[in-house]
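Engineer: Here it is, the structure in full.
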DNA sequence: CTGCGGCCTTGATTCACATCAAGGTGATCC
DNA sequence: GGATCACCTTGATGTGAATCAAGGCCGCAG
C-alpha cells in the first residue's frame, strides 16, 4: 500500500492464516516489544498465552472506554489511536501506537478500559490476556520487571505530553510529534526522514491540543522554512537539526 | 500547625522515634496505600522491607531527576510535588502527592528518576526498595496486582490531566484541581469542604499550565460567584455543586 | 518600630491560537 | 463524465490567557 511498510508489516493487509502462527521468537519486532533477554523457553511460554486474532480493519475498535479489561495488546502492524471521550462529547486523543508498542495498560487500574482504541489503518494485534500475564510474571522475574518498566514508560511518556501541552507553542508541539514519529520509525528500521502519517490532521490537533487549522498552518510554516516537505500525509524531514531546534526539546 | 491535620499526620511535625516504628498493619492510611486485602502475615512481610526515615523538611528533595532509581515512596504525612525541568530551565509540575499516595514510579522505566520530588511542607515518607518489592510481588499475587494497579492508576490520572490541559479553560482547570483535592481529603477522612492548600499559586499555575496571575483571577472569580471562599491558602468550598458545574467534568 | 523579600492580587495591553468563512484536492460512486 | 464527501489549506476576525506593570499583605530580621 505504501513504500514505507516493510514486507512483514504489509502482510497484515493481505492476511493469510500462516501469519497468525508467527511467534514471539521469530517476530521481527521482539527487540522493541520484549527488549529483555528472555531465555528461549521463557519466550515459548509467553508465546503460548498470546493470542493472534484476525486483523482489525481501519476504524474498527480494539476496545472501548468502559469495556471490561481482560488483556493488554501489542501492535504487530498498522497504527492505532487511543482516545477518551469527555463528558461534553468531545474527544481527546491520548496516544498513537505503532508496531512493537503495547497499549491497554490503563485498564488495569479498575478492571475497565479508561480509553478507547481504534485502528487508523488495517492493523494486526497480539492479545495478551492479563491474568495469564500476571501468573507468568510471578514465575519470570524478567517478565515482571519488563511489564513494570513498560507501564513506567507509559507514565513518563504521558508526563512528556503534559509538559508539551502546558509549556510549548503550536510550532514546538507539532515539531516534537514529527520527531517522535521519526524516532519510533528508526527503532523499527524504517526511514526516520520519510514516512506516511497514519493519522489525520484532526487527530494530530486533537492529540496536541490544537485545532486542525493551526496544525495545517504549522505544516505550511515548516515547509516555508524548509524543515520538511509535506504532501498530504507524506512527510519528508529535510532538516532534522532545524526541526529539533524548532521543537526546543532535548531530543 | 493547622486544624485540618489529624493527630497521626501532625506527628511528623514533632517527630519522635516511636513514630518511625509504626507499621503498615496499624497505619491509618493503609486503606488508601494498600487497598487490597493482604493477609496479615503478608502485611508483616511488606512491613519488613519498608524503611521509615526521618521527616523531610519543607523544600527538601526526596529525589531528583536523573538520580538512580532505587525505591518508590509512600507519603505518610505532608505533601510533595513532582516536577520536571525543561531544557530551557523552566519547571513543569507533574503531580501533587498527599498522604497515602505513592510516588517515584516513573523511575522504573530506565532505572533513573524522570522527575524530581520535593516536600511542600514537612513530610514523613515510607521508602519501599524496589528490588525487594519485586521479589515480594513474585511471591504475593495480591501485591503484584496492587502495584500493577497503582501504576495503571497513575497512567489514567496523567491522561486526565492531559485532557484537562488540552481541552479545558482556566476556570475549569482550577475548579477541577480544587475538586480533586477535596476528594482526596475525603478519602483521608478530612473535610472535603475546608482545607489548606499546601502549594503556592505558582505551583498551581505550573501544574495547570497557567500563570500565577490567571490562577489568582480565577480564585477571585470563584469567590465573586460564591463557589468558594479563599483566604490566602485556606479554602472553603461553599457550593460543591456549582464548582462541579464550573469544572465541567463528570466528577 | 522599620525595612525587606516572598507571595498574592488587580489592571492595562498584547498576542498566539481559536473561530468563522471560503475554497481546493482527491477518492469514490453513480 | 459529474456529484458527493472527507479532508486539507488559507485568510479575516475574535478572544482568553500571557505579559507587563504596579501595589498590597505578611512574616521576619535588624
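Protein chains in written order, with full-length UniProt numbering: chain A, 1 to 251; chain B, 1 to 251.
Built from N, CA and C at the ideal position, the CB exists for glycine as well.
Can the beta-carbon of residue 113 of chain A be found closer than 9 Å to that of residue 66 of chain A?
Structural biologist: Contact: yes.
Engineer: If you draw a straight line from the C-alpha of residue 133 of chain B to the C-alpha of residue 151 of chain B, how long is it?
Structural biologist: Taking the straight line joining both Cα atoms gives about 14 Å.
Engineer: Taking the straight line between their C-alpha atoms, what separation do you get for residue 166 of chain A and residue 99 of chain A?
Structural biologist: If you take the alpha carbons of residue 166 of chain A and residue 99 of chain A, they lie about 28 Å apart.
Engineer: What residues in its chain sit with their C-beta under 7 Å from that of residue 164 of chain B, if we drop five residues either side in the sequence?
Structural biologist: 173, 176, listed in sequence order.
Engineer: Give a yes or no on whether 9 Å exceeds the smallest Cβ distance from residue 145 of chain B to chain A.
Structural biologist: Chain A contact via Cβ: present.
Engineer: Who are the Cβ neighbours of residue 47 of chain B in its own chain at under 6 Å, not counting the five residues just before and after it?
Structural biologist: Answer for residue 47 of chain B: 23, 24, listed in chain order.
Engineer: What ranges does the alpha helix (DSSP H) occupy inside the segment 102–156 of chain A, keeping only unbroken runs of at least 4 residues that lie completely in it?
Structural biologist: With a minimum length of 4 residues, the continuous alpha helix (DSSP H) runs that stay inside the segment 102–156 of chain A are 130–139.
Engineer: Which same chain residues, not among the five before or five after residue 184 of chain B, have their C-beta less than 7 Å away from its C-beta?
Structural biologist: If we look at residue 184 of chain B and ignore the five residues flanking it on each side, its Cβ neighbours are 98.
Engineer: Give the straight-line distance between the Cα atoms of residue 188 of chain A and residue 29 of chain A, rounded to the nearest whole angstrom.
Structural biologist: Spanning the two alpha carbons is a distance of roughly 7 Å.
Engineer: Taking the alpha-carbon of residue 212 of chain B as reference, which of B/199, B/224, B/245 has the nearest alpha-carbon?
Structural biologist: Looking at the Cα atoms, B/199 is the closest of the given residues.
Engineer: Beta-carbon within less than 8 Å of residue 147 of chain A's beta-carbon, same chain only, minus the 5 sequence neighbours each way: which residues are those?
Structural biologist: Answer for residue 147 of chain A: 133, 137, listed in chain order.
Engineer: So for residue 95 of chain A, helix, strand or coil by DSSP?
Structural biologist: DSSP places residue 95 of chain A in strand when its eight states are reduced to three.
Engineer: Taking 9 Å as the threshold (C-beta atoms), are residue 109 of chain B and residue 82 of chain B in contact?
Structural biologist: Cβ distance not < 9 Å, so residue 82 of chain B and residue 109 of chain B don't count as in contact.
Engineer: Tell me which residue opens and which closes the alpha helix (DSSP H) that residue 245 of chain A is part of.
Structural biologist: Run containing residue 245 of chain A: 240–247, per the alpha helix (DSSP H) assignment.
Engineer: Taking residue 153 of chain B as the query, report the chain A residues whose CB atoms sit under 7 Å from its CB, ordered along the chain.
Structural biologist: Under the 7 Å cutoff, chain A gives 109.
Engineer: What does DSSP give as the partner residue(s) for residue 51 of chain B in the beta ladder?
Structural biologist: Paired residue(s): B/127.
Engineer: Could you check whether residue 140 of chain B and residue 243 of chain B sit closer than 9 Å to each other, using their CB atoms as the reference points?
Structural biologist: Not in contact: residue 243 of chain B and residue 140 of chain B (Cβ atoms no closer than 9 Å).
Engineer: Just checking my contact of residue 128 of chain A with residue 50 of chain A at CB under 8 Å: how many whole Å lie between their CB atoms?
Structural biologist: The Cβ separation is near 5 Å, so the contact holds.
Engineer: Taking the alpha helix (DSSP H) that residue 70 of chain A belongs to, which residues open and close that run?
Structural biologist: Element bounds for residue 70 of chain A: n/a, residue is neither H nor E.
Engineer: Classify residue 90 of chain A as helix, strand or coil using the three-state DSSP reduction.
Structural biologist: Note: residue 90 of chain A maps to coil in three-state DSSP.
Engineer: Name the DSSP beta bridge partners of residue 63 of chain A, please?
Structural biologist: A/117.
Engineer: Do residue 42 of chain A and residue 111 of chain A have their beta-carbon atoms positioned less than 9 Å apart in this structure?
Structural biologist: In this structure, residue 42 of chain A does not lie closer than 9 Å to residue 111 of chain A by Cβ.
Engineer: Report all residues from its chain with a CB closer than 7 Å to the CB of residue 222 of chain A; omit the five preceding and five following residues, and keep chain order.
Structural biologist: Closer than 7 Å at Cβ, skipping near neighbours: 228.
Engineer: Hey, could you find the ends of the alpha helix (DSSP H) residue 233 of chain A is sitting in?
Structural biologist: Note, residue 233 of chain A: premise wrong, no alpha helix (DSSP H); not H, not E.
Engineer: Starting from the Cα of residue 76 of chain B, find the closest Cα among B/84, B/217, B/27 and give me that residue.
Structural biologist: Here the closest residue by C-alpha is B/27.
Engineer: Name, going along the chain, the residues of the UniProt domain "HTH crp-type" (168–241) of chain A whose beta-carbon falls closer than 7 Å to a beta-carbon of chain B.
Structural biologist: For the UniProt domain "HTH crp-type" (168–241) of chain A, which is checked against every Cβ of chain B, the residues closer than 7 Å are 209.
Engineer: Round the Cβ separation of residue 92 of chain A and residue 206 of chain A to the nearest angstrom and send it over; I've been treating them as touching at under 8 Å.
Structural biologist: At roughly 7 Å, the Cβ-Cβ gap stays under 8 Å, so residue 92 of chain A and residue 206 of chain A are in contact.
Engineer: Counting only runs of 3+ residues fully inside the UniProt domain "HTH crp-type" (168–241) of chain A, write out the beta strand (DSSP E) ranges in chain order.
Structural biologist: Correct list: 194–196, 228–231, 234–237.
Engineer: Any residues in the segment 88–122 of chain A with a beta carbon nearer than 8 Å to a beta carbon of chain B? Which ones, in chain order?
Structural biologist: Listed by position, the residues of the segment 88–122 of chain A near chain B (Cβ gap below 8 Å) are 88, 90, 92, 94, 105, 106, 107, 108, 109, 110, 114, 115.
Engineer: Kindly indicate if chain B contains any beta-carbon less than 9 Å away from that of residue 148 of chain A.
Structural biologist: Chain B, which has a Cβ nearer than 9 Å to the Cβ of residue 148 of chain A, makes this yes.
Engineer: Going along chain A, which residues have a C-beta under 9 Å from residue 138 of chain B?
Structural biologist: Ordered by position in chain A, the residues that pass the 9 Å Cβ test against residue 138 of chain B are 137, 138, 139, 140, 141, 144.
Engineer: Would the beta-carbon of residue 236 of chain A fall within 9 Å of that of residue 194 of chain A?
Structural biologist: Yes, Cβ-Cβ distance for residue 236 of chain A and residue 194 of chain A is below 9 Å.
Engineer: Does residue 246 of chain B come within less than 9 Å of chain A when only Cβ atoms are used?
Structural biologist: Not closer than 9 Å to any Cβ of chain A, the Cβ of residue 246 of chain B fails to qualify, so no.
Engineer: With 16 other CB atoms within 10 Å as the buried threshold, where does residue 249 of chain B fall?
Structural biologist: Counting Cβ neighbours within 10 Å, residue 249 of chain B comes out buried, since at least 16 surround it.
Engineer: Shortest alpha-carbon distance to residue 54 of chain A belongs to which of A/101, A/126, A/69?
Structural biologist: Selected option, being the one with the closest Cα: A/126.
Engineer: With a threshold of 9 Å between beta-carbons, can residue 84 of chain B be considered close to chain A, or not?
Structural biologist: Yes, its Cβ sits closer than 9 Å to a Cβ of chain A.
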